[in-house]
Amino acid sequence: MDQNHNLHGHHDGPDCGCSENHDGHNHDENNRDEHNHAAHNHDAHARGYDKPLIDGADDECSCACSHHPEDEAAKTVVSQMVLQLDEVIALSSGPVYGEFIANENLQHRLIDLLTQVQEEALSLPDDFKQRKSKADWEFLQTLTIQITHPEFGMNPETLWDIVRLEIPFQNKMLGIIVNGCSHEQ
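Each residue of the sequence shown is one higher than the one before, counting from 1 in full-length UniProt numbering.
If you want it as structure tokens, here you go:
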């Protein structure tokens with residue numbers, strides 16, 4: 001790599017767009033947390049921080065960086081999913097188990113929100129979901145199937161487990177996709 005070439009694959013200059021100050025020096029070649037994408041690299045120093053990504057987020061191009069501009073529409077859908085899951089978490093974090101099981105109105109509201117999340121997950125392009133593999137897309141695309149039994153209907157115990165145990169983690173992973181190359185704060 002020549003002296004003026006950095007890890008983004010472009011020459012340092014006024015159009016660089018990274019956070020490094022290029023006044024007389026290049027990116028720090030000795031202090032980097034680099035991860036590869038199909039046609040480009042990310043350098044932690046270029047991102048403006050040197051902390052590792054969450055949970056090995058450098059695998060399979062799971063960040064939602066600006067190098068994939070075709071993903072903007074899908075990221076908008078994922079942002080809506082995050083808002084809906086935020087509401088699911090807020091609604092389900094208050095009641096204790098017995099109150100939750102007894103509150104059918106709450107259960108129906110949660111199912112409505114999860115149905116919307118499922119429909120949005122199904123609407124996303126397959127190639128986007130393959131590149132953004134941090135989220136468990138199969139889980140998100142089958143939420144209502146997991147909660148509702150074909151013969152017995154909705155199972156409130158399963159709904160409780162999903163909204164209390166699974167949804168917070170999936171929401172966090174979707175947040176990583178929306179916010180791009182990010183580290184846990």
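Ideal Cβ placement from N, Cα and C applies to all residues, glycine included.
In the displayed model, G98 falls within a helix according to three-state DSSP.
For the pair of segments examined, the segment 104-116 was found to touch the segment 139-159: the number of CB pairs separated by less than 8 Å reaches three. Boundaries of the alpha helix (DSSP H) harbouring V178: I167 to N179, taken from the DSSP string. Counting along the chain, E138 sits inside the alpha helix (DSSP H) bounded by residues W137 to Q141. Secondary-structure assignment with DSSP links H149 through a beta bridge to G153.
Shown here, N103 sits in coil according to DSSP, grouped into three states, outside any helix or strand. Taken through DSSP and simplified to helix, strand or coil, S79 comes out as helix. Counting C-beta pairs with one atom in each stretch, the segment 122-139 and the segment 96-108 have fewer than three that are closer than 8 Å, which means they do not touch. In the three-state DSSP reduction, S93 falls in the helix class (H, G or I). S123 carries a helical assignment under DSSP once its states are collapsed to helix, strand and coil.
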